[in-house]
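Peer 1: Positions in the sequence shown are counted from 1; adding 19 to them yields the numbering used here.
By construction, the Cβ of each residue, glycine as well, lies at the ideal position given by its N, Cα and C atoms.
Quick caveat, the model's predicted, so the values are computed rather than measured.
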Amino acid sequence: MDTMRAARLHVPSRTLTVEDVPKPAPGPGQVRVKVEAAGVCLSDVHLIDGTLSPLYLEGETVTLGHEVAGTVDAVGEGVTGWQPGARVVLQAGESRDGTTYTRGVDYDGGWAEYALATATTLVPLPDAIPFDQASIIPDAVSTPWAAITGTGDVRPGEAVGVWGVGGLGAHGVQLLRAIGAYPVVAVDPAPAARERALAFGADAALDAADPELRAKVLALTGGTGLAAAFDFAGVPAVREQALTVLGPKGRLVLVGLTAHPLTVANGTLFSYLQQQIRGHYGSDEHHVPQLVALTGGGRLDFSRSVSGVLPLEEAAEAVRRTETKEGDPVRLVLRP
Numbered sequence: 020m021d022t023m024r025a026a027r028l029h030v031p032s033r034t035l036t037v038e039d040v041p042k043p044a045p046g047p048g049q050v051r052v053k054v055e056a057a058g059v060c061l062s063d064v065h066l067i068d069g070t071l072s073p074l075y076l077e078g079e080t081v082t083l084g085h086e087v088a089g090t091v092d093a094v095g096e097g098v099t100g101w102q103p104g105a106r107v108v109l110q111a112g113e114s115r116d117g118t119t120y121t122r123g124v125d126y127d128g129g130w131a132e133y134a135l136a137t138a139t140t141l142v143p144l145p146d147a148i149p150f151d152q153a154s155i156i157p158d159a160v161s162t163p164w165a166a167i168t169g170t171g172d173v174r175p176g177e178a179v180g181v182w183g184v185g186g187l188g189a190h191g192v193q194l195l196r197a198i199g200a201y202p203v204v205a206v207d208p209a210p211a212a213r214e215r216a217l218a219f220g221a222d223a224a225l226d227a228a229d230p231e232l233r234a235k236v237l238a239l240t241g242g243t244g245l246a247a248a249f250d251f252a253g254v255p256a257v258r259e260q261a262l263t264v265l266g267p268k269g270r271l272v273l274v275g276l277t278a279h280p281l282t283v284a285n286g287t288l289f290s291y292l293q294q295q296i297r298g299h300y301g302s303d304e305h306h307v308p309q310l311v312a313l314t315g316g317g318r319l320d321f322s323r324s325v326s327g328v329l330p331l332e333e334a335a336e337a338v339r340r341t342e343t344k345e346g347d348p349v350r351l352v353l354r355p
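Below, the structure written as structure tokens:
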């Protein structure tokens with residue numbers, strides 16, 4: 020039996036090991052992809068530490084990795100339009116009978132030498148986009164893109180705020196600038212994160228602990244406040260702070276995940292100003308092709324986003340660096 024290396028999480032014990040497993044064979048409608056690069060996300064860290072748990076996983080063990088790029092290796096029965104060697108990036112999940120299943124969570128993902136994918140979840144990848152940069156487009160880029168263009172409905176010229184300039188927030192800053200939002204105000208307690216925000220295109224980067232934060236945001240927006248604020252941190256205090264600087268009809272978009280409640284300190288003012296709180300999760304299937312096209316056309320550049328590339332055998336080390344923020348990474352990538 021052919022085998023391959025894969026980084027597998029045993030969910031009950033939250034144990035991650037790189038081990039030999041059978042090389043999967045594509046079934047009807049499936050494609051086997053030779054993985055060239057797979058991103059390491061904070062969600063992977065949360066799966067390992069127990070903060071998150073799979074909802075639909077069959078069995079107790081799963082190969083992690085929902086950010087994946089590679090080449091077609093073999094196709095299953097009934098698959099047309101894909102040939103071995105084609106460069107592809109994989110959607111981070113798929114819908115089955117109205118239920119969303121996440122790759123690397125509810126079924127085996129891309130922290131492996133090979134990965135299976137339903138043919139409809141493959142997106143063609145131009146030669147101009149390196150695999151490591153392409154791999155992070157699903158989720159690290161597509162999630163803020165969907166939050167900005169969909170849930171947040173940001174328009175050119177609108178004043179916006181980004182709380183938390185990590186892997187998602189840094190791309191949020193870049194994408195907000197790309198669509199013409201102004202000013203783009205980044206908020207983060209870490210000096211390195213604020214510097215990164217400016218490098219990624221923020222017009223201002225403020226310390227969340229600054230007692231003058233509200234006054235500074237109002238000064239930057241001509242006294243009106245923010246049209247939209249994005250919480251990429253998933254922290255209650257962040258959400259409450261963002262509400263204080265929203266303008267009339269402003270939208271607070273919750274992208275970061277937390278189980279803690281959100282408190283609206285002044286419900287009367289919130290209603291009077293007709294403000295809104297909008298929940299957001301992931302992206303839709305059309306967002307990844309949009310981003311691939313924009314990147315291939317030179318409108319977006321993610322060369323600064325890959326903070327390091329590690330071999331698959333060092334998956335645990337990549338997780339540690341992501342969790343501890345050692346080296347202040349935007350995204351680390353595994354290469355089988």
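Could you pull out every unbroken beta strand (DSSP E) segment of at least 3 residues lying fully inside the segment 129 to 211, listed in chain order?
Peer 2: Here the runs fully enclosed are 133 to 137, 141 to 143, 179 to 182 and 203 to 206.
Peer 1: Identify, in the order they occur along the chain, each residue of the same chain with its Cβ nearer than 8 Å to the Cβ of residue 250, setting aside the five sequence neighbours on each side.
Peer 2: So the list reads 182, 183, 257, 258, 261, 271, 272, 273, 274 and 275, once near-sequence residues are dropped.
Peer 1: Can the beta-carbon of residue 79 be found closer than 7 Å to that of residue 157?
Peer 2: No, the pair does not count as a contact, with Cβ atoms beyond the cut-off.
Peer 1: Is DSSP giving residue 279 helix, strand or coil here?
Peer 2: coil
Peer 1: Quick check: residue 180 and residue 245, are their CB atoms within less than 7 Å of each other?
Peer 2: The Cβ-Cβ distance between residue 180 and residue 245 falls below 7 Å.
Peer 1: On the DSSP bridge list, what partners appear for residue 117?
Peer 2: Answer is none; residue 117 lacks a bridge partner.
Peer 1: Since I believe residue 311 is in contact with residue 66 (beta carbons under 8 Å), could you give me their beta-carbon distance rounded to a whole number of angstroms?
Peer 2: Contact flag wrong, Cβ pair sits at about 26 Å.
Peer 1: So, using beta-carbon positions, are residue 215 and residue 189 closer together than 7 Å?
Peer 2: yes
Peer 1: Give me the residue from 185, 126, 74 and 317 with the minimum Cα distance to residue 146.
Peer 2: With distances taken between Cα atoms, residue 146 lies closest to 317.
Peer 1: Per DSSP, residue 90 forms a beta bridge with which residues?
Peer 2: 53 and 106
Peer 1: In chain order, what are the residue ranges of uninterrupted alpha helix (DSSP H) at least 4 long that sit wholly in the segment 281 to 343?
Peer 2: Within the segment 281 to 343, the complete alpha helix (DSSP H) runs of at least 4 residues are 286 to 291, 306 to 315 and 334 to 343.
Peer 1: Just to confirm the assignment, what range does the beta strand (DSSP E) spanning residue 353 have?
Peer 2: 350 to 354
Peer 1: Is the separation between the beta-carbon of residue 155 and that of residue 58 shorter than 7 Å?
Peer 2: It is a contact, given that the beta carbons lie within the stated cut-off.
Peer 1: Once the 5 residues before and after residue 119 are set aside, which same chain residues still bring their CB inside 7 Å of it?
Peer 2: 112
Peer 1: Residue 268 lies in the beta strand (DSSP E); which residues open and close that run?
Peer 2: 265 to 273
Peer 1: Check whether the segment 168 to 179 and the segment 200 to 213 touch, using three or more Cβ-Cβ pairs below 8 Å as the test.
Peer 2: yes
Peer 1: Give me, in chain order, the residues of the same chain whose beta-carbon lies closer than 7 Å to that of residue 341; leave out the 5 immediate sequence neighbours on both sides.
Peer 2: 59, 61, 64, 348 and 351
Peer 1: Return the first residue and the last residue of the beta strand (DSSP E) that residue 39 is part of.
Peer 2: 34 to 41
Peer 1: Flag this pair as yes or no: are the beta carbons of residue 46 and residue 95 separated by less than 7 Å?
Peer 2: yes
Peer 1: Is there contact here, the segment 287 to 297 with the segment 121 to 134, by at least three beta-carbon pairs under 8 Å?
Peer 2: no
Peer 1: When you compare each of 279, 163, 77 and 88 to residue 50 by their alpha carbons, which one comes out closest?
Peer 2: 88
Peer 1: Which same chain residues, not among the five before or five after residue 296, have their C-beta less than 6 Å away from its C-beta?
Peer 2: 271
Peer 1: With distances taken between CB atoms, is the gap from residue 27 to residue 70 smaller than 7 Å?
Peer 2: no
Peer 1: Would you mind working out which of 320, 56, 92 and 29 sits nearest residue 42, comparing C-alpha positions?
Peer 2: 92
Peer 1: What is the DSSP secondary structure of residue 85, counted as helix, strand or coil?
Peer 2: coil
Peer 1: Taking the alpha carbon of residue 55 as the reference point, which residue from 134, 269 and 21 has its own alpha carbon closest?
Peer 2: 134
Peer 1: Since I believe residue 173 is in contact with residue 247 (beta carbons under 8 Å), could you give me their beta-carbon distance rounded to a whole number of angstroms?
Peer 2: 5 Å
Peer 1: In three-state terms, what does DSSP make of residue 63?
Peer 2: helix
Peer 1: Quick one, are the C-beta atoms of residue 227 and residue 206 less than 7 Å apart?
Peer 2: yes
Peer 1: Give the straight-line distance between the Cα atoms of residue 299 and residue 336, rounded to the nearest whole angstrom.
Peer 2: 30 Å
Peer 1: Considering only residues of the same chain and omitting the five flanking positions on each side of residue 292, which have a CB-CB separation below 8 Å?
Peer 2: 265, 266, 267, 268 and 269
Peer 1: Taking the continuous beta strand (DSSP E) assigned at residue 246, which residues delimit it?
Peer 2: 245 to 250
Peer 1: Please state if the CB of residue 161 and the CB of residue 307 are separated by a distance shorter than 7 Å.
Peer 2: yes
Peer 1: Determine the extent of the alpha helix (DSSP H) in which residue 111 is found, giving its start and end residues.
Peer 2: Per DSSP, residue 111 belongs to no alpha helix (DSSP H) and is neither H nor E.
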